[in-house]
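Asker:
Spelled out as structure tokens, the structure:
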């Protein structure tokens, strides 16, 4: 079934490691974990006019059988297609019990009702962080959040990432300053720069965004500006356009680049050609590529929005980014960028000499587990050679042969070394205790 | 929206603790974690004739709009209603790459398309462990798995549990020995014993299961037998019925009780009145109640099945149990059986004296986080009193006032104690480092 990625146990070890690592970084930065239900009312899912997102609608099988011709669902429920819409609903629903600014992370599956033949994910995991304020949210969060993500991604067994940023205020301020009124249309055209090239962009800005030839060339010059230091702002200003909004945007961009240079040099670059997202975000926007895997597209995107939600009395501005965990993991596992040292948690297999004496092996296992050593007991009292093969097939490094409890012998089946050991005190090397996740060039 | 439980951040801390704790116990016992997609073909979901389960069918919103009258889904997909059906499919699909016996745990949400007005969960989390063999699976796993669950549940901040067991072979062997042919019907009647009482059961066994009055009384006598030691088998034998299957079942029951008495005395009890599940399991069955919360029903159930799946060449017998995490958690949180020491991961809030000097506070935060201390920075350079209230509202125990880096002062806002500290070396007390989950009677 295409579009629904699923991993064998060794792939799941890598996925679990990635999820644990993300969670740890998010929590070190003070983000509280929440989980929302997978299901939202359709009215909520369509609230933002997100008609481009394919939604799965739910229907009770019993209802469908009873009234096969009835359209719609009894109560109009659908699966969430991202974690932002449910988070907005959660914030409104619980505003009275949350403390703002509220920093949350959320790692969950989302679903999109794509056509099966399109080869897109129909179920995938996202890992989001957002900060939302009540009525106001200081700019500094726009500089901090991409750095949290940079740290989170740097802790994963993946190639380095490059976070590209732009700012709605720069694009809008610039376009308005040069008299290019249809900002949205201009952004849509600029977004195609990579695909259609400069000449076609200049042409389209005139035919689709109502630009003059000069305006089109200026917009193109803006889009060509990239860089990871404050001189980016000077190069934009050198194009000659002036407006308060543009200045504000450039100041923000510079503050972000300065913070990034201090915390994580070389990770963040300003890129004035980034247009995707600028149409609905209101400040900084982010896209992230995996160095050497740019064709994968953005693995972590987001931005600043002035109104995540509003309940009539209060407005909740926010800034957030979302990692496409499944997209990332499919590449990591597909290319062997990271692998698990073994597909099972087990560090020790306790052998069973005789089925009548299984209780002795169980006792050894209890001693080892009580000290935090993941342990399995052989399923049958087969010949020891077969029991060792059981361990070997699963990558379990040690086999324990019980003697007079707690004495026994433990064999490292990789080296063949066997030595007497005490089940109450023996420890495997730390590196063997739990499965490890190894990058491409790490020794096993 | 009823039936879709969702927690505030402090509840999520408890839930996450429960999930982490379960995972750790399962992994210490050598179970490999897997995750399956939430979606299965309807044909798979209905394969077992599980018509009693309410399934949510998926439909692409776009298709529904295009053809509102078309019944069914383009590709017949539904949300899984348990983790056993998807696991069976996963085993068959990946049999060539799995090593058997295969021990897996799986912690995921499941969905049931109940009517909203029924007040039942429509989305909830289950935590399952299963062992499946290829063609054979030794009995000892039936004795081990409930003990893994007993250990997993004992590690949670909940009251003690009682695991009740029965064995299909005992019931079936007994009924057959006394000539009661319609085993399924008899089990259905016995299952109502609590509700309708002895007299009505004797009556119904005759009218619904074709029993004679003597057979009905004998079945009732069997159902009355309970106990946590091997004498249970003697009491069953004392009823006079004899058959090979009955003997096999009683031997298994005794082995299980003996193993339980050794590993976890007082946790497992044989209860011959348990009938639920016996109709589709083939050996031991399990139900688990929370002591003092029996009205909650079973929080962990399962059993032995001779054929989890079959691909024509091979059959995969298994034994497994499933914890109803959401059911358990709703009670735990609803009754305050466990609470989080704070709703955020943060141990330290770094104060900001002046917005222009935010970088100093960020530097302190980086030092603390680099040593694994979850740290937040004040959102604004408000008066210190307000910043302390920010920490207080979130239960953050420490506020850091930066000085000449790495020197500063740290205040325990609970005691008011403030002392000089070095951001490169200071450690909070271990108990304050991460949120803790406290049982009802534990001091905060």
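Protein chains in written order, with our numbering: chain A, 583 to 1026; chain B, 583 to 1026. C-beta: ideal position from N, C-alpha, C; glycine also. Just so we're clear, the structure is a prediction, and the values are computed from it rather than from any experiment.
(1) What does residue 644(B) touch in chain A if you count any residue whose Cβ is under 9 Å from its own?
(2) Taking only beta-carbon positions, decide if residue 616(A) is within less than 8 Å of chain B.
(3) Sorted by chain position, which residues of the same chain lie with C-beta nearer than 7 Å to residue 766(B)'s C-beta, five sequence neighbours on each side aside?
(4) Residue 837(A) to residue 844(A), Cα distance in whole Å?
(5) Do we get a CB-CB distance below 8 Å when we pair residue 912(A) with the residues of chain B?
(6) May I ask which residues mark the beginning and end of the alpha helix (DSSP H) holding residue 852(B)?
(7) Here's the rule I'm using: 16 or more other beta-carbon atoms within 10 Å means buried, otherwise exposed. How should residue 881(B) be labelled?
(8) For residue 552(B), does the three-state DSSP call read helix, strand or coil?
(9) Helix or strand or just coil, what does DSSP make of residue 774(B)?
(10) Rounded to the nearest angstrom, how far is the Cβ of residue 805(B) from that of residue 854(B), given a contact under 8 Å?
(11) So residue 756(B) is in the alpha helix (DSSP H); what residue range does that whole segment cover?
(12) So what's residue 953(B) in DSSP terms, helix, strand or just coil?
(13) Could you give the first and the last residue of the continuous beta strand (DSSP E) run that contains residue 623(B)?
(14) Tell me the rounded alpha-carbon separation between residue 874(A) and residue 590(A).
(15) Let me know the beta strand (DSSP E) ranges lying completely inside the segment 815–886 of chain B, each 3 residues or longer, listed in chain order.
(16) Starting from the beta carbon of residue 612(B), find every residue of chain A whose beta carbon is closer than 7 Å, and list them in chain order.
(17) Could you give the distance in angstroms between the alpha-carbon of residue 642(A) and the alpha-carbon of residue 638(B)?
(18) Taking 8 Å as the threshold, find out whether the segment 702–716 of chain B comes into contact with the segment 899–916 of chain B through three or more Cβ pairs.
(19) Take residue 977(B) and list the residues in its own chain whose beta-carbon comes closer than 6 Å to its own, dropping the five residues that flank it on each side.
(20) Can you name, in chain order, every residue of its own chain whose Cβ lies under 7 Å from the Cβ of residue 656(A), other than the five neighbours on each side?
(21) Is there at least one Cβ from chain B nearer than 8 Å to residue 586(A)'s Cβ?
(22) Mind pulling the chain A residues with CB within less than 8 Å of residue 676(B)?
(23) Got a sec: which bits of the segment 706–735 of chain B sit with their beta carbon under 7 Å from any beta carbon on chain A, in order along the chain?
(24) Helix, strand or coil: which one does DSSP assign to residue 556(A)?
(25) Which residue marks the beginning of the alpha helix (DSSP H) containing residue 1014(A), and which one marks its end?
(26) Can you grab the Cα-Cα spacing for the pair residue 914(A) / residue 585(A), in whole Å?
(27) Can you give me the Cβ contacts of residue 692(B) inside the same chain, cut-off strictly under 7 Å, excluding the 5 residues immediately before and after it?
(28) Evaluate contact between the segment 792–809 of chain B and the segment 723–735 of chain B, counting only Cβ atoms and requiring at least three cross-stretch pairs below 8 Å.
(29) Who are the Cβ neighbours of residue 674(B) in its own chain at under 6 Å, not counting the five residues just before and after it?
(30) Output needed for residue 654(A): all residues of its chain with C-beta closer than 7 Å, excluding positions within five of it in sequence on either side, in chain order.
(31) Taking CB distances under 8 Å as the criterion, tell me whether residue 988(B) reaches chain A.
(32) Let me confirm a value: residue 789(A) is counted as buried when at least 16 other C-beta atoms fall within 10 Å, else exposed. Which label applies?
(33) Who are the neighbours of residue 609(B) on chain A, taking C-beta pairs under 7 Å?
(34) Throw me the rounded Cβ distance for the residue 747(B) and residue 868(B) pair, which I believe falls under 8 Å.
(35) Short of 6 Å in beta carbon distance, which residues of its chain neighbour residue 858(B), apart from the five on each side in sequence? Order them along the chain.
(36) Can you pull the chain A residues whose beta carbon is under 7 Å from the beta carbon of residue 681(B), in chain order?
Answerer: With the given structure in hand:
(1) 636, 637, 695 and 697
(2) yes
(3) 861
(4) 11 Å
(5) no
(6) Run containing residue 852(B): none in the alpha helix (DSSP H); it sits in the beta strand (DSSP E), 850–853.
(7) buried
(8) Summary: the structure shown does not reach residue 552(B), with chain B confined to residues 583 through 1026, and so no result is reported for it.
(9) coil
(10) 5 Å
(11) 750–759
(12) coil
(13) 621–623
(14) 26 Å
(15) 850–853 and 866–872
(16) 926, 927, 928, 956, 957 and 958
(17) 5 Å
(18) yes
(19) 924
(20) Residue placement at residue 656(A) is poorly supported in this model, since its pLDDT is 49, which falls under 50; the coordinates still yield a value, given next. 642 and 645, listed in sequence order.
(21) yes
(22) 590
(23) 720 and 722
(24) Chain A is shown from 583 up to 1026; residue 556(A) falls before or after that span and cannot be answered.
(25) 1012–1015
(26) 17 Å
(27) 662, 663, 664, 665, 706 and 708
(28) no
(29) 891 and 893
(30) Note that residue 654(A) scores 48 on pLDDT, short of 50, meaning its location in the model is unreliable and no value can be drawn from it.
(31) no
(32) exposed
(33) 927 and 956
(34) 6 Å
(35) 773
(36) 975 and 976
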